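Read through the structure below, which is laid out as structure tokens, and then see the notes.
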Amino acid sequence: MKLFKILLVAIAALISLTTAVVALKDAVCGLPDSVNGFGELECRAHFVLWSYRASANRCVRFVYGGCGGNRNQFPTQRECENKCKN
Numbered sequence: 070m071k072l073f074k075i076l077l078v079a080i081a082a083l084i085s086l087t088t089a090v091v092a093l094k095d096a097v098c099g100l101p102d103s104v105n106g107f108g109e110l111e112c113r114a115h116f117v118l119w120s121y122r123a124s125a126n127r128c129v130r131f132v133y134g135g136c137g138g139n140r141n142q143f144p145t146q147r148e149c150e151n152k153c154k155n
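Spelled out as structure tokens, the structure:
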């Protein structure tokens, strides 16, 4: 009985880890949504881009001002979804 419980916990842990790894197709998809600027600095460009929001498993559109942010930015929704969405 004890061995069965240990085996059950091990299987559950393995499934959990596998799901976490599969959830992100690329490490960039785990980065926070891209943001604009560096604190008080306001950037005035106007690029409509897409960023993957892992908590919602979807790509969201945002206006990028041209500075700051991170690599979690894509020129189209399709590119974002191809890179990140399951």
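Following my numbering, the numbering of the sequence shown begins with 70 at its first residue and continues without gaps. Cβ atoms here follow ideal geometry from the backbone N, Cα and C, with glycine treated the same way. Only a predicted model underlies this, so the values are computations on that prediction, with no experimental measurement involved.
For this session: Quick one: grab the DSSP three-state call for Cys128.
Result: Reading the sequence shown from its first residue, position 59 is the one you call residue 128. Here Cys128 sits in strand by DSSP.
Problem set entry | Boundaries (first-last residue) of the alpha helix (DSSP H) holding Arg45 | For residue 45 there is no data in the structure shown, the boundaries of the chain being 70 and 155.
For this session: Tell me, to the nearest whole angstrom, how far the beta carbon of Ser120 is from that of Asn141; I am working on the premise that it is less than 8 Å.
Result: The residue given as residue 120 occupies position 51 in the sequence shown. The residue given as residue 141 occupies position 72 in the sequence shown. 5 Å between Cβ atoms; contact.
For this session: Sort Ala96, Leu100 and Lys71 by Cα distance to Asn139 and report the nearest one.
Result: Here residue 139 refers to the residue found at position 70 when the sequence shown is read from its first residue. Residue Leu100 is the option with its Cα nearest to Asn139.
For this session: Check Arg122 in the structure and name its three-state DSSP category.
Result: Translated into the one-based positions of the sequence shown, residue 122 becomes position 53. It is a strand residue.
Exercise. Can you tell which of Gly135, Cys153 and Val97 has the C-alpha that lies nearest to the C-alpha of Arg127?
Worked result: Residue numbering aside, residue 127 sits at position 58 when the sequence shown is read from its first letter. Nearest of Gly135, Cys153 and Val97 to Arg127, Cα basis: Cys153.
Problem set entry | Pairwise C-alpha distance: Lys94 and Asn155 | As a working mapping, residue 155 is identified with position 86 in the sequence shown. As a working mapping, residue 94 is identified with position 25 in the sequence shown. Rounded to whole angstroms, Asn155 to Lys94 spans 7 Å at the Cα level.
For this session: Please state if the CB of Cys112 and the CB of Cys149 are separated by a distance shorter than 9 Å.
Result: If you number the sequence shown from 1, residue 149 lands on position 80. If you number the sequence shown from 1, residue 112 lands on position 43. Between Cys149 and Cys112, the C-beta gap is not smaller than 9 Å, which leaves the two residues out of contact.
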